[in-house]
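The sequence shown runs contiguously to residue 1836 in my numbering. Using N, Cα and C, we set each Cβ at its ideal position, and we do this for glycine too.
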Amino acid sequence: MRDADGRVAATAARDGRTDVVEPDRAFELSGYIQPELRVAAAGDGQVWFQVRRARLKVSARLALADVVVQLDAPEAGVTVRDAYAVLRPPLEGFHLAVFAGLFKVPFGYEVLQSTGDRWFPERSVLGATLFPGERDVGVRVDLGLLERRLRLQLAAHNGFTLDDAARPARRPFELDTSKDVTARLTVTAGPLTAGASGTWGRSTRPAFDHDADPMTPDVSFDYGRFAIGGELRLRHAVPSLGELDAYGELAYARNLARRALDQLPVRADEALDVLAGYVAVTQRLGRWVGAGARLGYLSRERPAAAGTDERIVLCMLLAAFPAEAVRLVAAFDWHLEDADDVAERHEGWLRLQVSY
Ligand SMILES: [Ca+2]
């Protein structure tokens, strides 16, 4: 009802009609909450309850634009997740949207996929490593042709995502004149969508306290960073079962593992390469349940240890849909990499999601 009212009002305003008495401004509230029971095999084993996410999204629909602010309010504290205006000029034959503010960086499928839609409790090692927090501040243009079967997304942004480990240290340096540029092109043909993404930028290595940690340089320097990636997705309605959703990505990156401080280069000519990818499958098994599996891979260089950090993570899940807008997921991450502490890295979730 709320959605319908908002869209009627916005459409009427776009068409220049005055015979509709709806206001030309409509507010929508939406979001979801994710309380969960977490299990980690670290140490002697840890079990705890937490609210992983509690999202409140406010959208104001105006004649040619929407304004969106999304907050996350778990027990750890409130953070802003989205804050943007999006202009939608009414054009014939193609779809154009121009974003300005804090929004998702358009790199690959998983970064842009809504957490509310994703059955897997967390993103794979690819998204979590290259774009932790998924969002940055800047401008973004989305162009869709042929009823959006061909889509181009192009963004210029500061260069640090919301959960970038070096975000506080990057803040003064990423005000430099070189903004990161990220682009994604996708083509949809029937049940298949294929895409390619790239991101490029220059950054300055912050000078951390050299006296506190002799491993960190006490001078700052400029360095380049980039990532390129490809994605493929297949959706198919399996008779008598429901939707099959199979998708995967592969990305190669340099100096772009934002998740960890030790992935900032130590020398100007250093190249810390990352190879990351995953394949994921989810299948509805009728009205009430579903199942999914995802195999993720990450290889990144670790200069301090003079080696590579390799992760192979198999996530398996069972999902139940007891009511409209309610999803219950039991999931487990098995770490399969060849490491001494591999058993300690296993972790599990029993997560409820209720959307509104
Ligand atoms: Ca920069």
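- Task: For His1716, count neighbouring Cβ atoms within 10 angstroms of its own Cβ and tell me buried if that reaches 16, exposed if not.
- Result: Here residue 1716 refers to the residue found at position 236 of the sequence shown. Looking at its Cβ environment, which holds fewer than 16 other Cβ atoms inside 10 Å, His1716 is exposed.
- Query: Should Gly1588 be labelled buried (16 or more other beta-carbon atoms within 10 Å of its own) or exposed?
  - Reply: For the purposes of this step, residue 1588 is taken as the residue at position 108 of the sequence shown. By the 10 Å Cβ count, Gly1588 comes out buried.
- Message: When you measure from the CB of Asp1448 to every non-hydrogen atom of ligand 1, does any distance come out below 7 Å?
- Response: No information on residue 1448 is available, as it lies outside the stretch 1481 to 1836 that the chain covers here.
- Report the option in Pro1648, Lys1537, Glu1781, Glu1555 whose CA atom is closest to the CA atom of Val1547. In the sequence shown, residue 1547 corresponds to position 67, counting from 1. Checked all of Pro1648, Lys1537, Glu1781, Glu1555; the closest Cα to Val1547 is Lys1537.
- May I ask you to report which of helix, strand or coil DSSP gives Gln1633? Locating residue 1633 in the sequence shown gives position 153, where the first residue counts as 1. In this structure, Gln1633 counts as strand in the three-state DSSP scheme.
- At a cut-off of 7 Å, is Gly1704 close to ligand 1 when judged by its beta-carbon and the heavy atoms of the ligand? Taking the first residue of the sequence shown as 1, we reach residue 1704 at position 224. Checking the Cβ of Gly1704 against ligand 1 gives no.
- Query: Going by DSSP, what residues sit across from His1716 in a beta bridge?
  - Reply: Numbered from its first residue, the sequence shown carries residue 1716 at position 236. Paired residues: Leu1724.
- Task: From the DSSP output, read off the bridge partner residues of Thr1657.
- Result: As a first step, residue 1657 is located in the sequence shown; it is residue number 177 there, counting from the start. BP columns for Thr1657 are empty, so no partner.
- Range covered by the alpha helix (DSSP H) that runs through Glu1590: In the sequence shown, counting from the first residue as 1, residue 1590 sits at position 110. It spans 1588–1592 - the alpha helix (DSSP H) in which Glu1590 sits, taken as one unbroken run.
- Task: Leaving out five residues on either side along the sequence, give the residues of the same chain with a beta carbon under 6 Å from the beta carbon of Glu1824.
- Result: Residue mapping note: residue 1824 aligns to position 344 of the sequence shown, counting from 1. Taken in chain order, the residues that qualify are Ala1521, Ala1522.
- Message: To the nearest angstrom, how far is the alpha carbon of Ala1556 from that of Val1531?
- Response: The count along the sequence shown starts at 1 and reaches residue 1556 at position 76. The count along the sequence shown starts at 1 and reaches residue 1531 at position 51. If you take the alpha carbons of Ala1556 and Val1531, they lie about 8 Å apart.
- Item | Contacts around Gly1618, its chain only, beta-carbon distance under 7 Å, and the 5 residues preceding and following it disregarded | Against the sequence shown, residue 1618 aligns to sequence position 138. The residues are Ala1635, Ala1636, His1637, Asn1638, Lys1659.
- What's the C-alpha gap between Arg1669 and Leu1632? Taking the sequence shown and counting its residues from 1, the one referred to as residue 1669 is at position 189. Taking the sequence shown and counting its residues from 1, the one referred to as residue 1632 is at position 152. Sequence inspection shows Ala at residue 1669; the Arg mentioned does not correspond to that position. Computed Cα separation, rounded: 15 Å.
- Message: Does Glu1572 come out as helix, strand or coil in the three-state DSSP assignment?
- Response: Locating residue 1572 in the sequence shown gives position 92, counting from the first residue. Residue state, collapsed to three classes: coil.
- Message: Quick check on Pro1586: buried or exposed, where buried means 16 or more other Cβ atoms within 10 Å of its Cβ?
- Response: Here residue 1586 is taken as the residue at index 106 of the sequence shown, counted from 1. Label assigned to Pro1586: buried.
- For ligand 1, any of its heavy atoms closer than 7 Å to the Cβ of Ser1658? Residue mapping note: residue 1658 aligns to position 178 of the sequence shown, counting from 1. Yes, Cβ of Ser1658 sits closer than 7 Å to a heavy atom of ligand 1.
- Any heavy atom of ligand 1 within a distance shorter than 7 Å of the CB on Ser1700? Counting from one through the sequence shown, the residue named residue 1700 turns up at place 220. Every heavy atom of ligand 1 is 7 Å or more from the Cβ of Ser1700, so no.
- Let me know if Tyr1836 comes out buried or exposed under the rule of 16 or more other beta-carbons within 10 Å of its beta-carbon. If you number the sequence shown from 1, residue 1836 lands on position 356. Classification of Tyr1836: exposed, given that the 10 Å Cβ count is below 16.
- Quick one: any contact between the stretch 1787–1800 and the stretch 1744–1751, if contact means 3 or more CB pairs under 8 Å? no
- Query: Short check: CB of Pro1858 to CB of Trp1829, under 8 Å?
  - Reply: In the structure displayed, the chain extends from 1481 to 1836; residue 1858 sits before or after that span and is not available.
- Assigned exposure category for Ala1803 - 16 Cβ within 10 Å defines buried: The sequence position of residue 1803 within the sequence shown is 323, counting from 1. Under this definition Ala1803 is an exposed residue.
- Message: Looking at Pro1686: is its Cβ nearer than 8 Å to the Cβ of Ser1700?
- Response: Taking the sequence shown and counting its residues from 1, one reaches residue 1686 at position 206. Taking the sequence shown and counting its residues from 1, one reaches residue 1700 at position 220. Yes.
- How would you label Phe1640, buried or exposed, when you count the other beta carbons within 10 angstroms and need 16 or more for buried? Counting from one through the sequence shown, the residue named residue 1640 turns up at place 160. With 16 or more other Cβ atoms within 10 Å, it is buried.
- Task: Please indicate yes or no: does the CB of Gly1639 lie closer than 7 Å to some heavy atom of ligand 1?
- Result: Against the sequence shown, residue 1639 aligns to sequence position 159. At least one heavy atom of ligand 1 is nearer than 7 Å to the Cβ of Gly1639, so yes.
- Query: What distance in whole Å lies between the Cβ atoms of Trp1599 and Val1834, which are believed to be in contact at a cut-off of 8 Å?
  - Reply: What you label residue 1834 is simply residue 354 of the sequence shown in a count that begins at 1. What you label residue 1599 is simply residue 119 of the sequence shown in a count that begins at 1. 15 Å between Cβ atoms; not a contact.
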